[in-house]
Every structure is written in structure tokens, then in C-alpha cells.
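So the protein lines, in turn, are chains A and B. Here the numbering used here is used: the first residue of the first sequence is 1, the next is one more, and so on. Here the numbering used here is used: the first residue of the second sequence is 1, the next is one more, and so on. Here a beta-carbon is modelled for each residue, glycine too, at the ideal position from N, C-alpha and C.
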Amino acid sequence: MAATPWESDLVQQLKEQFGESLLEASSYVGQNFIIAKPDVVTSLIEYLKFEADFDYLVDLTAVDWPKRAERFDLVYILYSFARNERIRIKTRIPEGYRPASVVRAHRTANWLEREIFDMFGIEFEGHPDLRRILMPEDWQGHPLRKDYTVLQQDDRWVHENLGIEKGQ
Amino acid sequence: MPEATFLDSTELVLNMGPQHPSTHGVLRVILKLDGEKVLGTDCVVGYLHRGIEKIAENRTWAQFNPYVDRFDYVAAVSNGLAYCLAVEKLLNAEVPPRAQAVRVILTELNRIGSHLLWLGTHALDIGAITPVFYTFREREESLKILEKYCGARLTTHAFRIGGLQFETYDGFEKDVLAFCDLFLPKVDEYEELLTNNRIWIGRLQNVGILTGEECKEYGVTGPVLRAAGVKWDIRKAMPYSGYEKYDFEIPIRANGDTYDRYIVRMQEMRQSVRIIRQAVEGLPAGPILGRVAKVLKPPVGEAYVSIEAPKGELGFYVVSDGGPQPYRVRVRPPSFINLQALDRMVRGMLIADVVAVIGTLDIVLGEVDR
């Protein structure tokens, strides 16, 4: 089962608007998604909200692919109440890239972007209050990165408090 | 002129929680107050963070199934359903009709249980002591059915990827229908206690108003959205598990205040009974587990599936790299996202209203912190 091209009026409309910046529009297990270049994602999401009624940001998350040059996938799930349609916007960003925040268009993104910052260490440009949200403020590292293990934290603690190299 | 001292300041910063009976768990809200008036809030969450999404990456698809019960532990059956549906979507697996109907029955029973827990504790927060005894009495009956079905009351692990593990026990239908008969008049009883109660109305009406537009802006779903006049329920909008076959209504209200959210949830419990009765009466015979492999290896790909959980849209975004373990499991927790609107809802209100609004949002900290 492979992803099939997704063709619709909406995709046509978006292609006219964003041209080459839309890399792919596909469908997999009946779910439509668009892959776009990172620099247009914010304007794409704002366009979808104001011109195509995708007024509800369902979820915003990231996936870590450490072996890939563009290390992270950012995944925006959008829903339109008027169309009863759900789509995903995906973008690939390298380590250190600062994607623009979508808080201005969707207030939901505030905590969701904080969570991504906390879990993956991706910093959002223009976010009003980018702090850790689930982990303690002084936590080292970003737990949902693939190269993160809890042993790092453990070893640091035993080194500082017990003066030995390793806890396990 | 003497220097301004702290006595001249009218603002007071007050910590509410993480150990506070009205925050329903380990939620900490930092309140900025002017007398009793709330100027602003900051929620501090994460006290119950267990890294469940990270755990998923070190388990097999099936092994992770019991963990999802620990998100929203008062409606664990809903979590299991959402996770199973997401993995089944990746596997492209068919779930037999009997399994689907049993899933609907158990999920709706659990929705009633979740709403009853909300009603009892919410009323307790407002100062009405009696309802909690009544609601826990009926919730116990719904938990007994779950216990008889799968042996567990809260973290049930009721479903398996592809269907169910257990066939229903002898007398399951009778028990469920008996619960429906017992329960429906009890909803009227609760309403008699509260709906026209002057104190109840005084404490709830025009408190914590969130309009439909604001709900969409903050991504708030579930009864909160419906109380603001938006007729949207995933069971109707994007039916799953055969919900399209059942005849039920989506209760809505117009004002979007705490009182309306109370009315919507009361109506929802009645609708759940309606769904359960139809599902039991039309319960088909047949297998309970679809054709799924012993070791699950979904093809490379990703899917997002969401259901209407008691608290709102509960979704799972799952990514497979073709191996036996999930590459990434992301849960879209309704409580976490609904909680974000708290600040908007309580600004300019009184401290006592903060308690009412936290109650009406119906958050479960296991799901907020994961």
C-alpha cells in the first residue's frame, strides 16, 4: 500500500497560490496530506484558515528522523468545520532551524509549540512564551529525540551527588 | 513622597495547587489577583508526566495498548478504542461487527461513568455534597459491568488491536439493559437536585463563558464546544465503529457558560443510554477478533484517527517504520488542549469561579501530563 496522489480543487487552489513550495499532495489510508517547504508553512496555514475554512488546528507535533539530513518532521493537523474535512500539513526541517510560530492564526498552537520545544528542542520564531511545559525547567535534553535516553540524566545525577561515573 | 512599599500594591500572586482538592489532581494554577478578582493565570502542568509517548517507542504495538489506559484513567475504554482504531487504520484491518458493537456498548458505559464522576466532583467543588454519593452509586454499577467483562474497573485494557480478546460473559446483555433501566430515572433525580437549584444556577450561570469562535481558536472540543452552540460530535461528523447505525442526537446549548456545559453533559448521558440500548438490541453474532497477525508490523506510513471521548476529541497520530515497534505515537489529549482556555475563561472573574471553571472543563491530569 503506497501513498497515492491527492487531487482536488483545494490542492489546485493551493498550487496556484504557493507553486513550487508545495512539494507533494498525497493520500494514504484515505487521509490527505500536503508536504510543504518550511518557509511557507505559516502562510499556508493562515491561507487555509482564512480562505478555505480550515479554522481548527487539531494537533501539532513532530517526528524525529536522526538519519535524515532534514532531521524533523513537523506535522500540523487541520480540520474544517464547514467542509467536515481533515488534512495534514507536513514539513521537513533540519536541526537548528527555527520555524515560524502559528500562534497568531491558532491560539491552540501556544502550548503545542511549547511541548514540541520541550520534547524535541525545536525553537519557534515569534512564539510569545517559549518555555518547557511538561518537563521541569532545569531538565537537560529533549526526551522524544531518538538519541535521548534517560540514562544520561541518571549518570549526571550520580556523578554530581555520589561522585561515581555510572549509576548502572 | 515616601517610597512605594508592597502595601501599596493591590496585586497578589497566589498558588493554587498542585495539592488542592479542587484542581482534580496535580494541577498548579498561579493566580494573579486583585482582591478576589482574577487578573491572570498561569497553569503549571507536568507533575504527572510519565513519558508515555517515549515508552511507546520501546514497546511493540500490542504491548503499548495497556499504557494508553493511563492517559484518561476515568474513561480508559475510550483511550483504548482510539489507539486500537489508529493501529487498525495503519494495518488496514477489519473489525468484525460484533466486536464493533461491544466496543460501542463499553465505550458509552464508560462515557456515563466519566460524566458521573465529573458531575459528582463538580457539584462537590461548588458546595453541593449530596450528588457525589448518588453519582458514585450509579457509576459503581457501570464499573461492575466492566469488571465482570474484563476483570478491571479503571485501567481496563478492554480492547485488542483487531477486535476484542474476551467474548461477552453470560448475561452481559441483561446486565447492560438492567443498568440502562436503573440509570435513566437517576439522571432525572440528579437534575431535580441541581437544575433548578438557586445556588447551583447562581454559581454556574454566566461563569466561564467561551463562545463557539473562541472554542475553535483554542481548539476546545467536546461538551464545552457543544455548550457554545456548535453542533459537532465526531461520532456524527466522522463516524467510527458503526456509530452511523445508531439513532441519537447531539445535545447543544447556546450560551457557552458553565451551566450550559452542565446541561449538555446531562443530556449526553441520556443519549449514551439510547445508543447502548440500540447496540445491545442489535448485537450481532459472529467472531470478535479480525484477521490480524500475532506480531503486528504495520506497513511504513502514518495515520491520525480520533474519536469523541467524554472530554473531547481524542486522537492518535501513529507512525510506523515497518518494524514491530511504533516509530512514534502521539496522543492528542483533549484535556491538555481544553485546559489552555482556562485563562481566557476566568479572567475578570472571582477565585470561586476558577474552581467552578476547572470543574466544568472536566480535565484529567493523567491526560494533561501523559
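A Cβ of chain A is located within less than 8 Å of the beta carbon of I337 (chain B). Uninterrupted alpha helix (DSSP H) stretches at least 4 residues long and entirely within the stretch 183 to 252 of chain B occur at 198 to 204, 212 to 218, 223 to 227, 234 to 237, given in chain order. Sequence-distant partners of L22 (chain A) (beyond 5 residues in either direction) whose C-beta falls short of 7 Å from its own C-beta, in its chain, are L14, K15, I34, A36.
Burial is judged here by how many other beta carbons sit within 10 angstroms of a residue's own beta carbon; Q100 (chain B) has at least 16 and is buried.
Taking C-beta separations shorter than 7 Å and ignoring five residues to either side along the sequence, the partners of P66 (chain A) in its chain run K146, D147, following chain order. Chain-ordered, the chain A residues with CB closer than 8 Å to the CB of V319 (chain B) read V63. Closer than 8 Å to the CB of T108 (chain A) there is at least one CB belonging to chain B. Distance from the Cα of L365 (chain B) is smallest, within the candidate group B:E141, B:M16, B:V45, B:H20, for B:V45. In the three-state reduction of the DSSP assignment, G359 (chain B) falls in the helix class.
For T155 (chain B), same chain residues with a beta-carbon under 8 Å away, outside a window of 5 residues either side, are P66, D69, R70, Y73, A76 in chain order. Contact note: R156 (chain A) does not reach chain B at a C-beta cutoff of 7 Å; the least C-beta distance is about 17 Å. DSSP places L33 (chain B) outside any alpha helix (DSSP H); the residue lies instead in the beta strand (DSSP E), whose first and last residues are 28 to 34.
Boundaries cannot be given for F81 (chain A), as no alpha helix (DSSP H) includes it and DSSP labels it neither H nor E.
In the structure shown, Y47 (chain A) adopts helical secondary structure according to DSSP, grouped into three states.
Checking the DSSP bridge columns, you'll see Y73 (chain B) has no partner listed. When 7 Å is used as the limit between beta carbons, D138 (chain A) is near no residue of chain B, the shortest such separation being about 13 Å. Residue contact check for I77 (chain A) against chain B: a CB pair falls below 8 Å. According to the DSSP assignment, T121 (chain B) belongs to the alpha helix (DSSP H) that extends over 97 to 126.
With at least 16 other beta carbons inside 10 angstroms of its own, Q271 (chain B) counts as buried. The alpha-carbon separation between A109 (chain A) and M119 (chain A) amounts to approximately 15 Å. With a cutoff of 8 Å on beta-carbon distance, F248 (chain B) and A86 (chain B) are scored as not near each other.
When the alpha-carbon of G17 (chain B) is set against those of B:T221, B:K231, B:L27, the nearest one is in B:L27.
Contact check for P251 (chain B) against R235 (chain B) fails: the beta carbons are separated by 8 Å or more. The beta carbons of I363 (chain B) and H157 (chain B) sit about 23 Å from each other, so the pair does not count as a contact at 8 Å.
Around the beta-carbon of E51 (chain A), fewer than 16 other beta-carbon atoms lie within 10 Å, marking it exposed.
Annotated three-state conformation of E308 (chain B) is strand, per DSSP. According to the DSSP secondary-structure assignment, I337 (chain B) is paired through a beta bridge with no residue. Between the stretch 281 to 292 of chain B and the stretch 193 to 206 of chain B, the count of Cβ pairs shorter than 8 Å is below three; the stretches do not touch. For K89 (chain B), the chain A residues whose Cβ falls inside 7 Å of its Cβ are V29, in order along the chain. Boundaries for G40 (chain B): no alpha helix (DSSP H) harbours it, while the beta strand (DSSP E) harbouring it runs 37 to 44, taken from the DSSP string. In the DSSP assignment, N15 (chain B) forms a beta bridge with B:I30. Just so you know, the alpha carbons of C84 (chain B) and P99 (chain A) end up roughly 33 Å apart. Spatial neighbours of K166 (chain A) in its own chain (CB-CB distance under 6 Å, excluding positions within 5 residues in sequence) are listed in chain order as D155.
Annotation: the continuous beta strand (DSSP E) that includes T61 (chain A) extends over 56 to 64.
Interface residue (Cβ-Cβ distance to chain A less than 8 Å): K54 (chain B) is classified as such. In the DSSP assignment, L143 (chain B) forms no beta bridge with any residue.
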